[in-house]
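Scroll down for the structure; my scribbles are underneath it.
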Amino acid sequence: MDHTEVLRWLEARSDELRAEIAAAQRLPDRSHEVGDFKDEATDSLASTVSGAEVERDLAELRDNEHTLAIIRQGRYGLCEDCAEPIEAARLQARPASTRCLACQEAAERRPQAAGS
1 MDHTEVLRWL EARSDELRAE IAAAQRLPDR SHEVGDFKDE ATDSLASTVS
51 GAEVERDLAE LRDNEHTLAI IRQGRYGLCE DCAEPIEAAR LQARPASTRC
101 LACQEAAERR PQAAGS
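Residue numbers for the sequence shown follow UniProt numbering, so the first one is 1 and each next one is one higher.
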């Protein structure tokens with residue numbers, strides 16, 4: 001994919017994610033309804049799954065928005081840590097990549113800052 005195609009793909013995917021997040025936030029709260037324990041367990045599980053899906057969607061949306069900013073700045077395809085070109089196969093597999101594989105692995109090994 002060239003930069004224009006990646007830009008369009010990321011924008012379209014971001015729109016999909018926003019719609020999924022909005023739909024999940026509109027789910028009715030059934031906690032006040034009377035039901036049996038199985039209903040409550042099912043509702044609790046559904047709520048947990050929905051919450052996890054929203055968190056995953058929000059993380060992907062943040063990644064996409066970050067990558068879109070990099071594209072608009074003309075720095076797409078360069079690692080944001082070492083400034084070396086990101087492997088074409090990596091960008092093909094994950095267009096939102098902003099780090100080369102070595103820098104991404106190093107970033108994942110670093111402990112997260114407190115509170116983040």
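Ideal Cβ positions, reconstructed from N, Cα and C, are used throughout, including at glycine. Quick caveat, the model's predicted, so the values are computed rather than measured.
Item	Value
Minimum C-alpha distance to E5 - residue among C103, A107, Q92, R109	Q92
According to DSSP, residues forming a beta bridge with N78	Checking the displayed sequence, the identity of residue 78 turns out to be Leu instead of Asn. Looking at the DSSP assignment, L78 forms a beta bridge with P85.
Assigned exposure category for R94 - 16 Cβ within 10 Å defines buried	exposed
Nearest-angstrom Cα separation, counted from R99 out to E60	15 angstroms
Segment limits, alpha helix (DSSP H) that includes D15	3 to 25
Exposed unless 16 or more other CB atoms sit within 10 angstroms - verdict on C82	exposed
Distance between I86 and G77 (C-alpha atoms, nearest Å)	5 angstroms
Length of the line joining the Cα atoms of E55 and E84	31 angstroms
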